[in-house]
Amino acid sequence: MDQTRVSSPDIPADLLIRIADDVFPLHKAVMVPNCGYIRKAVAAARGGATATVDLDLSALPGGADAFDKAARYCYGANFEISVRNAAALLCAAAFLDMQPTDGGLARRVEEFLAKVGLRTLPGAVAVLRSCEGLLPAAEEIGVAQRSADAIALRICNEVLFPTRSPPEWWTAELAALSPASFHKVITALRCRRAEPEVLVAAATAYAELLLAEVLAADGHAADHSGMHRALVESVVAVLPSTDDAPLPAAFLCRLLHVAVTIDASAKTCRDLELRVAAVLEQATAGDLLTVALDGAGERVQNVDTVRRIITAFVERDSAASSGGGANGRSRRASLSGAGALQQGGGGAMQTVAKTVDEVAAEIATEETLPISKFVGLAGAVPKEARATHDCLYRAVDIYLKAHPALEEMEREKVCSVMDPLKLSYQGRLHASQNKRLPLQAVLSALYYDQLKLRSGDEGGGGGGWDAYGNGVMRSSAAGSARKQAKEEASLARENEALRSELARMRAYVSGMQQSKGTSSRGKKGSWLRTLSRLNPFKAGIWAKDTSSIGDGKTGAMHSVKPKRRRFSIS
C-alpha cells in the first residue's frame, strides 16, 4: 500500500461510499485490493477506470462506525477493537469480502476475541449483546453462537470455582441480554449439561431483573401495557422447560399474576399455568391467592385461572400414577425437591388438597363470589384425596356465613363439595349444631355418629385384632374412652328427641287430615313430601353407603334400619 499516495492532497477521491447520511470519500487504489465487494461494484460501474464511483452501502452490518474502522484498516491507520465493536467488524469484513492472504481485518478481530473479548463473562456478554443489532449476519458468521457458548462456559466455571462474592453474581450480568440472546445462553448451558439449579438461578434472576419495572407496576401502567405485554411474553417464551429446570412456584405464580393482569396472550398464560401445575405441591395458599386476586390485590377475580391450574395438576398426577409418566414425574420431583412427597404415594395430592382448602377458605369471604366458582375451585381436587374434610368444611362454613341469603338448594350445592361422613368426630359434632348447613348434611352427620354408637354397643367390650392376630384393646386410655362414651350418649339422647318431634309432627298431620277431609289431601301430600326430604338415606347427594362401617368384633355390623328424624330448631 502506497501510504504517501493515499495521504497526498493532490490525489482527489474517486470512490464515494454512502451509508445512510454519512459519506466517505475514498480511493479505488486503496479499497479495491482489500474489499472484494467494492472490487466487483467498481468493475460493474460505467465510465471507465478514471470515473468516480458512487456506492450505497447502507445495508452494511454495523453501519457507518464499522465501515469507518474497516476503511482505516485498509488505509493502514490506527483504530480500536473492543468487545462492543468486534462483532460488527467481523460482520463488516464478511460483507465487504475482506479476505487478503494475511487474513486481513477478520484475523485481527478473531485474535482479539480469543485473547481478550471472550475470556471473561462480562466481555462475552458484551459481545453477545452487540450481536443483537447485527442479525442475521452475526448468526451467519457464527459470532453470536460463539459468544453464547463462551458465556455458558464461564458460568459453569464460576459455579464450580467461584471467583467473586456472592457466588451467584453472574446472574446479574445476564440481565443486559435480550430474551432471544438469553435463550441462546440457556441452550448452551443445556448442551454443557449444567445442573438444574444453575438454569433455575439464571432464569429467575434474569426474569426478575428484566421485568423489575413490570413486576413493580403490577399492570397499573396503562401507557406502557403494550410494551410490558411484549416483554413478558418474550421472557416466558425463553424460560427453561419444566423437565430441565422446574422454576419456583412462588416466582411462577407472581409472573402468572402479572401476565393475566396485563392481558398477555392466551398461549403465554397457558404456558405459565402448566408450569405452576407441575410444581403445585410447592405452592402455598398465598402463592395461589396472588394469582386469584386482581391487579390491586383487593378483589377475587381470577378464580378460573387457579381452577385450571389445579385441574392440570390432577390430570398430571393421574397420568403419573397410571404409569404413563411415572419416570418423568419422578425425575421432575427429584429436581424440584418434591421427591419425599412422591415417595409416600399420593402425598403431593394431599398437600395440594390442603392448600386448595386454605385458598377456598380465604376467597369464601368475597361477597360477589358465585357459588359455581367456589364449588369449581373447592371441587377441583377429588374428594378421596383428602384424609378428612375438616378444612373443606371450614371453607364451606365460611362461605355460608358470608352469604346468609342463600336458599336451601343453593346451600346444598355449596355443601356438595364435601362428604359429611369424612369429617372428624369434632367436625361432625360442630356440623350437627350448625344452623347454616342444609338439613340433609346435618342429618347425614348425625346418622353416621348414631350408627357408630350402635355398632360399638353391639360390639361389646371394644376388642379388636392387631396385625399379628393377637387380641388388643381399641382404647389406649380408659379416661378417653369414658369421655367418648359420654359424648356419644349425649348424641343418642339428642337423636331420641328428634324422633319424638317427628312423631308429634306425624300426629299433627293426621289430625289435620281428619278435621279438613278431602280438602286437606293436598296439604298432607305437601307435608309428607317435606318429611320425605328430611330422610338422609334416600338416593341423593348425601346418600352414603354405610355397609363398610366395621363392627367392634368382626369388622362387620348388623343391619340397622334407619329411622326418620328431623333436626331440632330450638
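First residue of the sequence shown: 1, per the UniProt record's numbering; consecutive thereafter. The beta carbon of each residue, even a glycine, is placed where N, CA and C say it ideally should be.
{"query": "For D466, count neighbouring C-beta atoms within 10 Å of its own C-beta (all shown protein chains included) and say buried if the count is 16 or more, exposed if not.", "result": "With a pLDDT of only 37 at D466, under the threshold of 50, the placement of this residue in the model should not be trusted, and no figure is reported."}
{"query": "According to the Cβ coordinates, are R108 and I81 closer than 8 Å?", "result": "yes"}
{"query": "Using three-state DSSP, classify residue 647 as helix, strand or coil.", "result": "The structure shown does not extend to residue 647, since the chain is modelled only from 1 to 570, so the question has no answer here."}
{"query": "Helix, strand or coil for I81? Go by DSSP, reduced to three states.", "result": "coil"}
{"query": "Using only the alpha-carbon positions, how far apart do A292 and V396 sit?", "result": "18 Å"}
{"query": "Among G427, L153 and G36, which residue has its Cα nearest to the Cα of G104?", "result": "G36"}
{"query": "Less than 7 Å between C-beta atoms, sequence neighbours within five positions excluded: which residues of the same chain meet that for I19?", "result": "L57, S58, L60, G63, A64 and F67"}
{"query": "By how many angstroms is the C-alpha of T355 removed from the C-alpha of I151?", "result": "40 Å"}
{"query": "Using only alpha-carbon positions, find the residue among L400, G226, T368 and D244 that is nearest to residue 571.", "result": "In this structure the chain extends from 1 to 570, so residue 571 is not present and cannot be described."}
{"query": "Just to confirm, are L211 and V238 a CB contact at a threshold of 8 Å?", "result": "no"}
{"query": "Using a Cβ-Cβ cut-off of 8 Å (strictly less than) and excluding sequence neighbours within five positions of V306, which residues of its own chain qualify?", "result": "L288, V291, A292, V359 and L377"}
{"query": "Whose C-alpha, out of S321, N302, A277 and A296, is nearest the C-alpha of A312?", "result": "A277"}
{"query": "First and last residue of the alpha helix (DSSP H) that includes I151?", "result": "V143 to L160"}
{"query": "Do A114 and S147 have their C-beta atoms closer together than 8 Å?", "result": "no"}
{"query": "My parser needs the alpha helix (DSSP H) runs of 4 or more residues fully inside the region 264 to 315; what are they?", "result": "266 to 278 and 285 to 292"}
{"query": "Between the region 421 to 429 and the region 396 to 406, do at least 3 Cβ pairs fall closer than 8 Å?", "result": "no"}
{"query": "Here's the rule I'm using: 16 or more other beta-carbon atoms within 10 Å means buried, otherwise exposed. How should A44 be labelled?", "result": "exposed"}
{"query": "If E158 sits next to L121, beta carbons under 8 Å apart, how far is it from one beta carbon to the other, in whole angstroms?", "result": "7 Å"}
{"query": "Name the two residues that bound the continuous alpha helix (DSSP H) containing L55.", "result": "Here L55 belongs to no alpha helix (DSSP H); instead the beta strand (DSSP E) covers V53 to D56."}
{"query": "What number of angstroms, rounded off, separates the C-alpha of V200 from the C-alpha of A283?", "result": "16 Å"}
{"query": "If you follow the alpha helix (DSSP H) that P196 is part of, which residue opens it and which one closes it?", "result": "P196 to L210"}
{"query": "Along the alpha helix (DSSP H) that carries A397, what are the first and last residues, could you check?", "result": "The sequence given here places Asp at residue 397; Ala does not occur at that position. That run of the alpha helix (DSSP H) goes D390 to A402."}
{"query": "Short check: CB of A144 to CB of K184, under 8 Å?", "result": "yes"}
{"query": "Using 10 angstroms around the beta-carbon of I11, count the other beta-carbons present and answer buried if the total reaches 16, otherwise exposed.", "result": "exposed"}
{"query": "Start and end of the beta strand (DSSP E) containing P25?", "result": "D22 to L26"}
{"query": "Determine whether the beta carbon atoms of V381 and V314 lie at a separation below 8 Å.", "result": "yes"}
{"query": "Output yes or no for whether 8 Å exceeds the beta carbon distance between P246 and V279.", "result": "yes"}
{"query": "What's the call for K383, buried or exposed, on a 16-neighbour Cβ count within 10 Å?", "result": "exposed"}
{"query": "May I have the straight-line CA-CA distance separating A203 from H389, to the nearest angstrom?", "result": "39 Å"}
{"query": "Tell me whether the beta-carbon of A88 lies closer than 8 Å to the beta-carbon of L134.", "result": "yes"}
{"query": "Could you tell me the distance, in whole angstroms, from the CA atom of I186 to the CA atom of P240?", "result": "7 Å"}
{"query": "Measuring CB to CB, does V198 end up less than 8 Å from V127?", "result": "no"}
{"query": "N470: buried (16+ other C-beta within 10 angstroms of its C-beta) or exposed?", "result": "Because the pLDDT at N470 is just 35, under 50, the model does not fix this residue reliably, and the point stays unresolved."}
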